[in-house]
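For reference, the structure is listed below as structure tokens.
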Amino acid sequence: MVGPTSDERVVHADAVVLAVPPPAASKLLRGVSTQAESELGQIGMTSVAVATLLYRAGDLPGGDLPAGSGYLVPPSEGRPVKASTFVSHKWEWIGEAAAAQGLIAVRCSLGHADDIEILQRDDADLVKVAAEDLAFVARLGRARPVAARVSRWGGGLPRYAGGHGDRVARTDDALEALPGLVACGAAFEGVGIAACVARADSAATRIVRRLGADGQWQHD
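Taking the numbering used here as reference, the numbering of the sequence shown is continuous, increasing by one, and the terminal residue is 479.
Structure, rendered in structure tokens:
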């Protein structure tokens, strides 16, 4: 069935790709694969807010951010920003577009798995907290963002526990026994863009090979 929708209908498909968070994938696999349902059901989720900040290059010490693509902060440090990505450094095309306007872009992630109180604050407060923490850690002096946007993902970030790689392997083995069914997303091999794209590419490749082997789809 396709849903939720006011017009549910049965869809016959040669293949299905589960590209949903693990709790949803686990429910969808109920009665289909006990092993995969169980494995995915044990992957915890947490919430995160991301503040994207734009700075005038001229306001930053030396006219730029520190070298590198950003930094990670362990929960034990007790800082509100758990990760900061120097977007203008990490992605050249964004850096060039921002630089054309004399700007530099930074992205800050807020909210630790065991302390999400900060996520209850409004957008303006989150921007203030992110900017102040970034200024301290990255030594930006008195520089403050000239524009900002906050994005929130409630329960959208997977929490990898010990043995996560083995759990993913067991899930894949269980799904391998179900021709035409694969799963991908941030819950498997990394939450970053590159990791998610790689997992999706792998899932698509398995589908193409399976359909090709069955003579349903000829693909070069």
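C-beta atoms are modelled at their ideal positions from N, C-alpha and C, and glycine is treated no differently. Model, not experiment: these values are computed from the prediction.
* Asked: Looking at ALA445 and LEU434, is the spacing between their C-beta atoms short of 9 Å?
  -> Taking 9 Å as the cut-off, the beta carbon of LEU434 is found no closer than this to the beta carbon of ALA445.
query: In whole angstroms, what separates the C-alpha of GLY290 from that of ALA428?
result: Going by the C-alpha atoms only, they are around 20 Å apart.
* Keeping to the same chain, check which residues put their C-beta closer than 8 Å to that of ASP392; ignore five residues upstream and five downstream. => ARG338, PRO339, VAL340 and CYS367
Item to check | Closest by C-alpha distance to ALA420, when choosing among GLN301, ALA463 and THR430 | outcome: GLN301
Exercise for review: Quick one: grab the DSSP three-state call for PRO417.
Suggested key: strand
For this session: Could you give the DSSP three-state label for CYS455: helix, strand or coil?
Result: helix
task: Check the C-beta distance from GLY400 over to PRO334 and give it rounded, since I have them as a contact under 8 Å.
output: Not really, about 27 Å apart at Cβ, beyond 8 Å.
* Buried or exposed: which applies to ARG458, given that a residue is buried once 16 or more other Cβ atoms fall within 10 Å of its Cβ? -> So ARG458 ends up on the buried side.
Through-space distance from PHE447 to GLY471, alpha-carbon basis: 25 Å
Inset, instruction - Would you kindly check if the distance between the Cβ of ASP432 and the Cβ of GLY294 is under 9 Å? - result: Before going further, note that residue 294 is Gln rather than Gly in the sequence given. A contact, by the Cβ cut-off of 9 Å.
Report task. Please report how far the alpha carbon of ASP479 lies from the alpha carbon of ALA272, in whole angstroms. Result -> Bear in mind that the predicted position of ASP479 carries a pLDDT of just 47, short of 50, making it unreliable; the figure below should be weighed with that in mind. A direct Cα-to-Cα measurement between ASP479 and ALA272 gives close to 21 Å.
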